[in-house]
Amino acid sequence: MKTTILIIVLIASLVVRFLHLENKKKEDAVKKRMKDKAEIARRIKRLKESSDSKHKVSSLLITMLNQFDSHDNVQPTLTEEELHKIEEQLQLKLPQSYKLFLKYFGDGGSWIYANSIDSIRQLPWLCEYRTELDETIELYNEKTIKTNTLLCLMTEDSNGGAWCWLTSEATENGEWPLAYYSLDDKKLHYKVENFTEWLTILVHSQGEVIMELDVDDNLGLG
551 MKTTILIIVL IASLVVRFLH LENKKKEDAV KKRMKDKAEI ARRIKRLKES SDSKHKVSSL
611 LITMLNQFDS HDNVQPTLTE EELHKIEEQL QLKLPQSYKL FLKYFGDGGS WIYANSIDSI
671 RQLPWLCEYR TELDETIELY NEKTIKTNTL LCLMTEDSNG GAWCWLTSEA TENGEWPLAY
731 YSLDDKKLHY KVENFTEWLT ILVHSQGEVI MELDVDDNLG LG
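Heads up: the sequence shown is residues 551 to 772, going by my numbering.
Spelled out as structure tokens, the structure:
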């Protein structure tokens with residue numbers, strides 16, 4: 551009888567302990583969500599009250615922040631000092647629209663409206679990620695571009711392709727265009743004029759940008 555009672559007490563203790571841990575997990579998850587929401591609210595407020603709010607990309611960033619639950623594994627934002635150090639490493643001045651993305655939204659993420667955006671900290675040059683490529687790559691129906699001038703916004707998407715900054719193209723305001731590297735023909739396609747245009751497509755579609763542009767399935771992405 552005593553043994554039976556001890557077993558019952560032990561089982562009851564384990565059940566109570568399990569329930570306590572489960573409740574603790576739920577409480578911690580709720581606290582984290584509240585903390586995250588408060589942080590997002592601070593970022594939105596900081597952006598709205600800054601001179602950066604006048605930039606065209608700011609309204610897109612606010613929309614993305616308000617829909618933060620739609621994204622996954624978003625990396626921490628970068629400070630002005632961190633951005634300056636990265637620019638020194640790259641020996642390039644990043645587009646202002648992209649810097650605002652890094653400053654207020656985050657340094658990439660594994661799922662941003664179904665797109666994986668790399669951390670700029672990785673300094674993701676296409677020539678280093680795709681070592682099999684030649685020194686130049688064709689920008690479809692336009693010209694050839696040196697592969698070592700292509701800085702990736704993402705090194706690989708679900709189709710195996712990559713969105714790259716065309717850093718060699720001179721622009722008046724420093725807003726580099728982007729083009730899509732296709733793994734199939736190893737060429738660049740669908741050039742967009744700047745990051746704001748790319749982000750506009752992303753926010754409006756909330757899906758993969760390349761799928762919005764390749765409506766005739768020229769790249770065979772399905």
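For every residue, glycine included, the Cβ atom is placed at its ideal position computed from N, Cα and C.
According to the DSSP assignment, asparagine 616 belongs to the alpha helix (DSSP H) that extends over 608-616. In the structure shown, aspartate 586 falls within a helical segment according to DSSP collapsed to helix, strand and coil.
DSSP links alanine 712 through a beta bridge to Tyr731. Take the alpha-carbon of aspartate 707 and the one of glutamate 719: they are about 24 Å apart.
For threonine 697, there is no enclosing beta strand (DSSP E), as DSSP marks it with neither H nor E. Annotation for isoleucine 662: His621 place their beta carbon closer than 6 Å to its own, counting only its chain and skipping 5 residues before and after.
Within its own chain, the residues whose Cβ lies closer than 6 Å to the Cβ of isoleucine 760, once the five positions on either side in sequence are excluded, are Tyr730, listed in chain order. Cβ contact annotation for leucine 611 (same chain, cutoff 7 Å, sequence separation greater than five): Leu597, Leu650, Phe651, Tyr654 and Phe655, in chain order.
Distances from the CA of leucine 683 to each of Lys643, Leu733 and Asn723 were compared; the closest alpha carbon is that of Leu733. Restricting attention to beta strand (DSSP E) runs no shorter than 3 residues, the region 625-670 encloses them at 659-662 and 665-667, ordered along the chain. Here DSSP, grouped into helix, strand and coil, assigns glutamate 747 to helix.
With a cutoff of 8 Å on beta-carbon distance, threonine 717 and leucine 642 are scored as near each other.
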